[in-house]
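*Asks:* Take the UniProt record's numbering: the last position of the sequence shown gets the number 621, and nothing is skipped along the way.
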Amino acid sequence: MEEKKFDKQSMIGFLLIGAILLFMLWQNQPSPEELAAEKAKQEQIDAEKRVITPTATKNTELADATLPQDSAAMERYKATLGSFAYSASLPSATDNITELENDVLALKISNKGGFIVEARLKQFKSYDSLPVYLIKDGNSRFNLNFATTDNRTLNSENMYFEPSLSKEGENQVLSMKLKVAANEYLEYRYTLKPDDYMMGFGIKTVGLQSVINTSQPINLDWELKGYRHAKSISYENRYTRLTYEYEEGDHDKLDQSGEDDAIETDVDWLNFRQHFFSSILLTDQPFEQVTFKSQNLVEDEEVDTIFTKKYAAEMLLTPVNGELNYAMDFYYGPTDYQVLNNYDRDIDEAMPLGWGIFGFINKYLIIPFFNFLIAYFPAGIAIILLTIAIKLLLSPVQYKQYLSQAKMKVLRPEINEINEKYADNAMKKQQETMKIYSKAGASPLSGCIPGLLQIPVFYALFTFFPSAFALRHESFLWADDLSSYDKIADLPFSIPFYGDHVSLFPILASIAIFIYMTMTTGQSMQQAQQPGMPNMKFLMYLSPLMMLFFFNNYASGLSLYYFISNLITIGIMLVIKNFILDENKIHAKIATAKAKPKKQNRFTKKFSEMMEQAEAQQKKK
């Protein structure tokens, strides 16, 4: 359960409100006569009940508004239902609600349509301390569309199901039946386990072979508009997208921006992901074909937007011997790798942890280690310890990179001399430069390769932090939520690509990057700019500037990582430069290596011959 912190004024306000409520309850308490009458009435009701019945809240006005008021209109209403007119005559043909609830999930299921009209995650709060709802106030639609043998097209969302709530061991089981007769019906069956975000769900027809026209498509439509749950809607929307598994293990997703659609076959599950929360439908019998659609609902990020994206999936159901029988599951819960991975259904693939080696590093190295750290330390300290561990692990690679830079620095006077001597002969310049590198045992590539080896780890971390559910609502220093931006000041206007606030960790990270790049590129800028080479001075200013703008709305945990990472890198470089490497010794080793005759291998010899031939041809011209 997430902890709520109150200041003094808030506590006084709540105490006052509580006192007022207690006074109102005392004023409106029933008289002894009313209590006695109510008790007798309840005892009579309890005596008549012998089975568990649904928890219902009857809305008379809503029911009267939904159902026809006179007998002629009721007959016309029943006529549109055909064989299912029986369901309109049942006592359940009202907008009553049945509630299912465990320690982590609270659901409300309506008789009309037989589906969930409210899904609340009990252990989480949104950025503004309100309950987290995945379904509420009509943001979701669930409908079974089918044709009947008497040439009608019916939609289950407009029809009334009969609820029956029971228990199977510790599980709550709700059967919602749309009846043609007592033994002919369409059933939605919900099974909720204790302390579990995954709920069993089944669709089954019994005795409807002569009612449902199976020669026509039977489609299950599910739509959802994702509620905003984070402080930065632009950041949340970047990681809000529709993902799915199809054709026995392949995974794909729709575009995260704008509108997108796709048609896939043999779909095993689909996830309407809302960054840190997911609504997933899984099926044991793959859907033969599914049409997916996604629409971005955030038109203006500066406006207080309620929804992020609208999702839709149209699933083709395949009857067997004229009947439907689909065993499925619904997951309403956090997009947390630990939780999703426990179900062993590959739904952890819905998380944006990177593909290939990047996802491997996250799943089997970074996530387990970070979960270990956060079990013993606050989230901010865990990020720092994770960063230190990674930098120490990569320090040998960085040592090789800095050693190469030191060798190139020693050779720089000779390289400059060659550049001046053969300024008008690029081929000869390249040939002589390669000879010096070969004799000295140095190469520009020897500095690039260690840098390339670090890229998978850096990219894996870049995808890990925005998906780390453990950072949600965790504070550190001035950041009240490491999964969102760490605002220290509001701006009276909005800057394009930056926003209307100032975050501090991106500023610190930008400064650290600037210092690091000054140390690594400062020497390079002293040389004459080579044709075709990037402007190092431009890059030295561009990278920190991009960091400053790009990460102002990003999770402060990610900016904290980059800040600490660059500080440690600067420290490692200073230690290597001042205490480990001796440039005089490097210079002596290079001089010794150059004095020794170096035997060329076959490739080097062939390359030198080709260069000499090319130079000879150029002289003839």
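Beta carbons: idealized from backbone N, C-alpha and C, even for Gly.
1) Among the candidates LYS112, ILE576, PRO319, LEU178, whose CA atom is the shortest distance from the CA of TYR399?
2) Beta-carbon within less than 6 Å of LYS122's beta-carbon, same chain only, minus the 5 sequence neighbours each way: which residues are those?
3) How is SER543 classed by DSSP in three states: helix, strand or coil?
4) Decide if PHE23 is buried, meaning its Cβ has at least 16 other Cβ atoms within 10 Å, or exposed.
5) What are the boundary residues of the alpha helix (DSSP H) that TYR399 is part of?
6) Mark GLY114 as exposed unless 16 or more other C-beta atoms lie within 10 angstroms of its C-beta, in which case mark it buried.
7) Alpha carbon to alpha carbon, what distance is there between MET427 and THR518?
8) From this set, PRO492, ILE495, PHE493, PHE476, which residue's C-alpha is nearest ASP486's C-alpha?
9) For LEU574, which of helix, strand or coil comes out of DSSP?
10) Count the other C-beta atoms from every protein chain shown that fall within 10 angstroms of the C-beta of GLU248, then say buried if there are 16 or more, exposed otherwise.
11) Between THR214 and GLY226, is the Cβ-Cβ spacing less than 9 Å?
12) Could you pull out every residue in the same chain whose Cβ sits closer than 7 Å to the Cβ of THR387, ignoring the five residues on either side in sequence?
13) Does the region 176-187 come close enough to the region 156-167 that 3 or more CB-CB pairs lie under 8 Å?
14) Note the first and the last residue of the continuous alpha helix (DSSP H) segment covering ASN341.
15) Where does GLU247 sit, in a helix, a strand or coil, going by DSSP?
16) Less than 9 Å separating the beta-carbons of LEU393 and ALA382?
17) CB-CB under 7 Å to ASP336, same chain, minus the five flanking residues each way: which ones, in chain order?
18) Determine the burial state of MET546: buried for a count of at least 16 other Cβ atoms within 10 Å of its Cβ, exposed for fewer.
19) So, with DSSP's three-state summary, where would you put SER166?
20) When the Cα atoms are used, what is the spatial distance from PHE292 to GLU323?
21) When the Cβ atoms of the region 416-425 are set against those of the region 349-356, are three or more pairs found closer than 8 Å?
22) Measuring CB to CB, does ASN296 end up less than 9 Å from SER234?
23) Helix, strand or coil for ASN158 per DSSP?
24) Taking Cβ positions, are SER140 and VAL132 nearer each other than 9 Å?
25) Evaluate contact between the region 206-221 and the region 328-346, counting only Cβ atoms and requiring at least three cross-stretch pairs below 8 Å.
26) Measure how close the beta-carbons of ASN143 and ASP221 come, nearest whole angstrom, since I'm counting them as under 8 Å.
27) Which full runs of the alpha helix (DSSP H) of 4+ residues lie inside the region 324-370, going along the chain?
28) Buried or exposed for THR308, going by 16 or more other Cβ atoms inside 10 Å?
29) Is ILE374 helix, strand or coil by DSSP?
30) Taking the straight line between their C-alpha atoms, what separation do you get for LYS253 and GLN289?
31) State yes or no: is the C-beta of ILE366 within less than 9 Å of the C-beta of ALA262?
32) Considering only the alpha carbon of each residue, which of ASP490, ILE203, ASP344 lies closest to LEU186?
33) Kindly indicate the opening and closing residues of the beta strand (DSSP E) around ILE135.
34) With a CB to CB cut of under 8 Å and the five nearest residues on each side skipped, what residues in its chain are close to ILE418?
35) For GLU157, I'd like the list of residues in its chain whose CB is within less than 6 Å of its CB, leaving aside the five on either flank, ordered along the chain.
36) What three-state label does DSSP hand GLU299 in the structure shown?
*Replies:* On the basis of the coordinates in this document:
1) For this step, residue 399 is matched to residue 399 along the sequence shown. It is ILE576.
2) Counting from one through the sequence shown, the residue named residue 122 turns up at place 122. Taken in chain order, the residues that qualify are VAL104, ALA106.
3) Position 543 of the sequence shown holds residue 543. Looking at SER543 - three-state DSSP - the assignment turns out to be helix.
4) Residue numbering aside, residue 23 sits at position 23 when the sequence shown is read from its first letter. Confidence in PHE23 is poor, its pLDDT being 41 and thus under 50, which makes the residue's placement unreliable; the coordinate value appears in the next sentence. Counting Cβ neighbours within 10 Å, PHE23 comes out exposed, since fewer than 16 surround it.
5) To locate residue 399, count along the sequence shown from 1; it is residue 399. For TYR399, the enclosing alpha helix (DSSP H) stretches over residues 379-421.
6) Here residue 114 corresponds to residue number 114 of the sequence shown, with the count starting at 1. With 16 or more other Cβ atoms within 10 Å, it is buried.
7) Here residue 518 refers to the residue found at position 518 of the sequence shown. Here residue 427 refers to the residue found at position 427 of the sequence shown. THR518 and MET427 have their C-alpha atoms some 31 Å from each other.
8) In the sequence shown, residue 486 corresponds to position 486, counting from 1. Closest by alpha carbon: PHE476.
9) The residue labelled residue 574 in the question sits at position 574 within the sequence shown. Helix at LEU574.
10) For the purposes of this step, residue 248 is taken as residue 248 along the sequence shown, with counting starting at 1. Looking at its Cβ environment, which holds fewer than 16 other Cβ atoms inside 10 Å, GLU248 is exposed.
11) The residue labelled residue 214 in the question sits at position 214 within the sequence shown. The residue labelled residue 226 in the question sits at position 226 within the sequence shown. No.
12) Position 387 of the sequence shown, counting from 1, holds the residue named residue 387. Hits under 7 Å: TYR561, ILE564, SER565, ILE568.
13) Result yes; three or more Cβ-Cβ pairs closer than 8 Å.
14) Position 341 of the sequence shown holds residue 341. 337-341 is the extent of the alpha helix (DSSP H) around ASN341.
15) As a first step, residue 247 is located in the sequence shown; it is residue number 247 there, counting from the start. Three-state result, GLU247: coil.
16) Stepping through the sequence shown from its first residue, residue 393 is reached at position 393. Stepping through the sequence shown from its first residue, residue 382 is reached at position 382. For LEU393 and ALA382, no; Cβs fall outside 9 Å.
17) The residue labelled residue 336 in the question sits at position 336 within the sequence shown. Taken in chain order, the residues that qualify are PHE469.
18) Residue mapping note: residue 546 aligns to position 546 of the sequence shown, counting from 1. Exposed, since its Cβ has fewer than 16 Cβ neighbours within 10 Å.
19) To locate residue 166, count along the sequence shown from 1; it is residue 166. SER166 falls in the strand class under three-state DSSP.
20) Residue 292 sits at position 292 when you count from the first residue of the sequence shown. Residue 323 sits at position 323 when you count from the first residue of the sequence shown. One C-alpha to the other measures close to 25 Å.
21) In short, these stretches do not touch, since the Cβ pair count stays below three.
22) The sequence position of residue 296 within the sequence shown is 296, counting from 1. The sequence position of residue 234 within the sequence shown is 234, counting from 1. No. Outside cutoff.
23) Mapped onto the sequence shown, residue 158 falls at position 158. ASN158 falls in the helix class under three-state DSSP.
24) The count along the sequence shown starts at 1 and reaches residue 140 at position 140. The count along the sequence shown starts at 1 and reaches residue 132 at position 132. In this structure, VAL132 does not lie closer than 9 Å to SER140 by Cβ.
25) Not touching, per the Cβ criterion.
26) Counted from its first residue, the sequence shown places residue 143 at position 143. Counted from its first residue, the sequence shown places residue 221 at position 221. Sure, about 5 Å apart at Cβ, within 8 Å.
27) Counting only runs of 4 or more residues that sit fully inside the region 324-370, the alpha helix (DSSP H) segments are 337-341, 357-361, in chain order.
28) Position 308 of the sequence shown, counted from the first residue, corresponds to residue 308. So THR308 ends up on the buried side.
29) For the purposes of this step, residue 374 is taken as the residue at position 374 of the sequence shown. Three-state result, ILE374: helix.
30) Taking the sequence shown and counting its residues from 1, the one referred to as residue 253 is at position 253. Taking the sequence shown and counting its residues from 1, the one referred to as residue 289 is at position 289. About 16 Å.
31) Residue mapping note: residue 366 aligns to position 366 of the sequence shown, counting from 1. Residue mapping note: residue 262 aligns to position 262 of the sequence shown, counting from 1. In terms of Cβ geometry, ILE366 and ALA262 do not form a close pair [threshold 9 Å].
32) If you number the sequence shown from 1, residue 186 lands on position 186. Among ASP490, ILE203, ASP344, the Cα nearest to that of LEU186 is on ILE203.
33) By 1-based counting over the sequence shown, the position of residue 135 is 135. 131-135 is the span of the beta strand (DSSP E), which, as asked, contains ILE135.
34) Residue mapping note: residue 418 aligns to position 418 of the sequence shown, counting from 1. Excluding positions up to five away in sequence, the list reads LYS429, GLU432, THR433, ILE436.
35) Here residue 157 refers to the residue found at position 157 of the sequence shown. Here the set comprises GLY113, ASN143.
36) Stepping through the sequence shown from its first residue, residue 299 is reached at position 299. Looking at GLU299 - three-state DSSP - the assignment turns out to be coil, as it is neither helix nor strand.
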